[in-house]
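Contents: one structure, followed by commentary.
Written out as structure tokens, the structure reads:
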């Protein structure tokens, strides 16, 4: 990935993460996000996608988890020991799975909480609120509603908008498609793409929706049981037979009937 | 028959016939109510932000008042002693966050509750060790708080208002108003509400929980100090004050654990009702029902509104 000689904005080297001192969730994950890149972490439930993101943002610590081995570098500096708030200050922020809008605050107040770490004054912050509203016009309409009462799609927008308010260089986006209608998922990902191009924000996103993730990401890693089992350019992954079979739900040559599936079960090549 | 008359008719006849007494009782109730509200506010602040029911809140009231009086006794001028007491509450907040809350992050609420019980006894011990255990007199005059009483001739009788009570009500009002503005209008206030609502979300946007906890415990400490001064001026400063602080429990049951307006209105309801009950219904059972009536009232309330009058709206999406 870093063959163009640039240092990646994020580099994870062989990390292990443990919950409660015993449960080993990540067993040596390495990945890189190039500057201004969109990288997807794919995998099933429990593969370790969320844990990877939380290891980076160090939200892991609040869940009694910790990174026990390996290194995480953000803009060339080690960050495993940093508090989430220090990390946000340096430009890396996570949008958590399930949106986590602050329900009893209005949409606008939610956005303002995103600017908590900033010290550049009210003028700059309100200018950025307007900027967020240009990306998410719907939030402007709902600015005075309590975030608990807006729709799921609007909450996802609110969560991403809130992250933008910290002026990040990198957003860790966890499962943005969760619980949203397919059309809305596309809408969210279109905005992610625009943010990436126009605001030059890098994205590392964890997704179960492999299809849409590989459409928008430039590079992908597939995680299984806390290990990276495959990685490559999004285009290459889309064409890979295994990925097609197990993650995209497309059969090899022609559609199989259920009868055949019983006889023949394709084996994941990386398990061999 | 006579009992029923005593319960349902006689008190109201008395209220009607001697309105000056009624006004006096209501005033007493109002003053107690504002002080209960202040104590309850301390609980609510901490409960909202850190999810901890702070058993030590009552002793913080005593500890605040005690350090003020104690410092003065050591020869520190009154106003400097006040400033130093505020600083002491700050140090306390900082230490609690560092020694109790941070190591216990993400533990069960009951464990944190037990920790505050420990804190409670630690503060009792520390207070006794430094300042001694005997009751002390609040340095009311030295702090410039008014003494004496105003007597009003009204409604065919006299109503007497202690000036210190009036001052207590005003100071309580200012504190509550200040906190309300702080919560709703400032950056830190917003962060605080965010932490109260969703720890994880607050953490993810870069709000430092440790910082918020320190601020909240400090705010609760200042509220405790103010309560301690006011209450100490009405009786004296002793460890028994912390029992009075437990009156905040029925206040919280009435008002809800998470609501600031609830703490205020709950405090006033408890204040009014206990004084009215004591004065008009107390004699029926030989008096001093003041001490248990609030708990009784709270129990009745629990039957009908377990979340309290103003418990945080539970947002339920369908």
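Residue numbers (the working numbering), protein chains in the order written: chain A, 3 to 274; chain H, -5 to 312.
All residues carry an ideal CB built from backbone N, CA and C; glycine is no exception.
Open item on the list: Please report the straight-line C-alpha distance between residue 241 of chain H and residue 75 of chain H, rounded to a whole angstrom.
Closed with: Separation of residue 241 of chain H and residue 75 of chain H (C-alpha to C-alpha, rounded to the nearest whole angstrom) is 28 Å.
Open item on the list: Any beta carbon of chain A sitting closer than 9 Å to that of residue 43 of chain H?
Closed with: The Cβ of residue 43 of chain H sits no closer than 9 Å to any Cβ of chain A.
Task: CB contact flag (residue 201 of chain H, residue 210 of chain H, <9 Å) - done: For residue 201 of chain H and residue 210 of chain H, no; Cβs fall outside 9 Å.
- [ ] Spell out whether any CB of chain A is found under 9 Å from the CB atom of residue 253 of chain H.
- [x] It does not; no Cβ of chain A falls within 9 Å.
TODO: Could you tell me if the beta carbon of residue 2 of chain H falls within a distance shorter than 8 Å of some heavy atom in the ligand MG?
DONE: Of the ligands one can find in the structure shown there are none, so the ligand MG has no counterpart to examine.
TODO: Using the Cα positions of residue 166 of chain A and residue 116 of chain A, report the straight-line distance between them to the nearest angstrom.
DONE: So the two alpha carbons sit approximately 7 Å from each other.
Task: First through last residue of the beta strand (DSSP E) which encompasses residue 13 of chain A - done: Boundaries of the beta strand (DSSP E) harbouring residue 13 of chain A: 12 to 21, taken from the DSSP string.
Open item on the list: In the DSSP assignment, the beta strand (DSSP E) including residue 233 of chain A goes from what residue to what residue?
Closed with: Where residue 233 of chain A is concerned, the enclosing beta strand (DSSP E) stretches over 229 to 235.
TODO: Give the straight-line distance between the Cα atoms of residue 163 of chain A and residue 156 of chain A, rounded to the nearest whole angstrom.
DONE: Rounded to whole angstroms, the gap between the alpha carbons of residue 163 of chain A and residue 156 of chain A is 10 Å.
Open item on the list: Measuring only the C-alpha atoms, how far is residue 303 of chain H from residue 220 of chain H?
Closed with: Cα to Cα, residue 303 of chain H sits roughly 26 Å from residue 220 of chain H.
Open item on the list: Looking at residue 51 of chain A: is its Cβ nearer than 9 Å to the Cβ of residue 176 of chain A?
Closed with: A Cβ-Cβ contact shorter than 9 Å links residue 51 of chain A with residue 176 of chain A.
TODO: Answer with buried or exposed for residue 23 of chain A, where buried requires no fewer than 16 other C-beta atoms within 10 angstroms of its C-beta.
DONE: Per the 10 Å Cβ criterion, exposed.
Task: Distance between residue 224 of chain A and residue 250 of chain A (C-alpha atoms, nearest Å) - done: Put simply, the backbone Cα of residue 250 of chain A is about 12 Å away from that of residue 224 of chain A.
Open item on the list: Residues of the segment 172 to 189 of chain H in Cβ contact with chain A at a cutoff of 8 Å, in chain order, please.
Closed with: Those residues of the segment 172 to 189 of chain H that come within reach of chain A (Cβ to Cβ, closer than 8 Å) are 181, 184, 185, 187 and 188.
TODO: In angstroms with no decimal places, state the Cα-to-Cα distance between residue 6 of chain H and residue -2 of chain H.
DONE: About 13 Å.
Open item on the list: Am I right that residue 261 of chain H and residue 30 of chain H are in contact with their C-beta atoms under 8 Å? What's the rounded C-beta distance?
Closed with: Right, their Cβ atoms sit about 4 Å apart.
Task: Secondary structure of residue 180 of chain A, DSSP reduced to three states - done: Note: residue 180 of chain A maps to coil in three-state DSSP.
Open item on the list: Whether or not the segment 151 to 171 of chain H and the segment 223 to 237 of chain H are in contact is what I'm after, with contact meaning three or more pairs of Cβ atoms, one per stretch, closer than 8 Å; do they touch?
Closed with: Yes, the segment 223 to 237 of chain H is in contact with the segment 151 to 171 of chain H.
Open item on the list: Please report the straight-line C-alpha distance between residue 109 of chain H and residue 90 of chain H, rounded to a whole angstrom.
Closed with: The alpha-carbon of residue 109 of chain H is positioned some 10 Å away from that of residue 90 of chain H.
Open item on the list: Let's test the definition: count the other Cβ atoms within 10 Å of the Cβ of residue 192 of chain A and tell me whether it reaches 16, buried, or not, exposed.
Closed with: The residue is exposed, with fewer than 16 neighbouring Cβ atoms inside 10 Å.
- [ ] Could you name each continuous beta strand (DSSP E) segment of 3 residues or more that falls completely within the segment 114 to 189 of chain H, going from the start of the chain to the end?
- [x] Entirely contained in the segment 114 to 189 of chain H, the beta strand (DSSP E) runs reaching 3 residues are, in chain order, 143 to 148 and 151 to 156.
Open item on the list: Can you look up residue 76 of chain A in the DSSP assignment and give me helix, strand or coil?
Closed with: It is a strand residue.
Open item on the list: When you compare the CB of residue 167 of chain A with every CB in chain H, is at least one pair closer than 9 Å?
Closed with: Residue contact check for residue 167 of chain A against chain H: a CB pair falls below 9 Å.
TODO: Check whether the Cβ atoms of residue 206 of chain A and residue 33 of chain A sit closer than 9 Å, and answer yes or no.
DONE: For residue 206 of chain A and residue 33 of chain A, yes; Cβs fall inside 9 Å.
TODO: Please state if the CB of residue 75 of chain A and the CB of residue 114 of chain A are separated by a distance shorter than 9 Å.
DONE: For residue 114 of chain A and residue 75 of chain A, no; Cβs fall outside 9 Å.
- [ ] Could you confirm whether any beta carbon from chain A is found closer than 9 Å to the beta carbon of residue 114 of chain H?
- [x] Closer than 9 Å: no.
Task: CB of residue 208 of chain A within 9 Å of CB of residue 104 of chain A, strictly - done: Cβ atoms of residue 208 of chain A and residue 104 of chain A: not closer than 9 Å.
- [ ] Could you tell me which uninterrupted alpha helix (DSSP H) segments, each at least 4 residues in length, are contained entirely in the segment 26 to 76 of chain H, listed from first to last along the chain?
- [x] Unbroken alpha helix (DSSP H) stretches of 4 residues or longer found wholly inside the segment 26 to 76 of chain H: 51 to 67, given in chain order.
- [ ] Enumerate in chain order the residues of its own chain whose CB-to-CB distance from residue 330 of chain H is below 8 Å, with the five nearest sequence positions on each side excluded.
- [x] The requested residue 330 of chain H is not part of the displayed model; chain H covers only -5 to 312.
Open item on the list: Quick check: the segment 121 to 131 of chain A against the segment 185 to 204 of chain A, are at least 3 beta-carbon pairs closer than 8 Å?
Closed with: Output reads no: the segment 121 to 131 of chain A does not touch the segment 185 to 204 of chain A.
Task: Cβ distance (whole Å) where residue 292 of chain H is taken to contact residue 283 of chain H below 8 Å - done: The Cβ separation is near 14 Å, so there is no contact.
Open item on the list: If the cut-off is 7 Å on Cβ atoms, which residues from the segment 112 to 142 of chain A count as contacting chain H, listed in chain order?
Closed with: Against chain H - using a Cβ distance shorter than 7 Å - the residues of the segment 112 to 142 of chain A are 114, 115, 116, 118 and 119.
Open item on the list: Rounded to whole angstroms, what is the Cα-Cα separation between residue 147 of chain A and residue 194 of chain H?
Closed with: About 21 Å.
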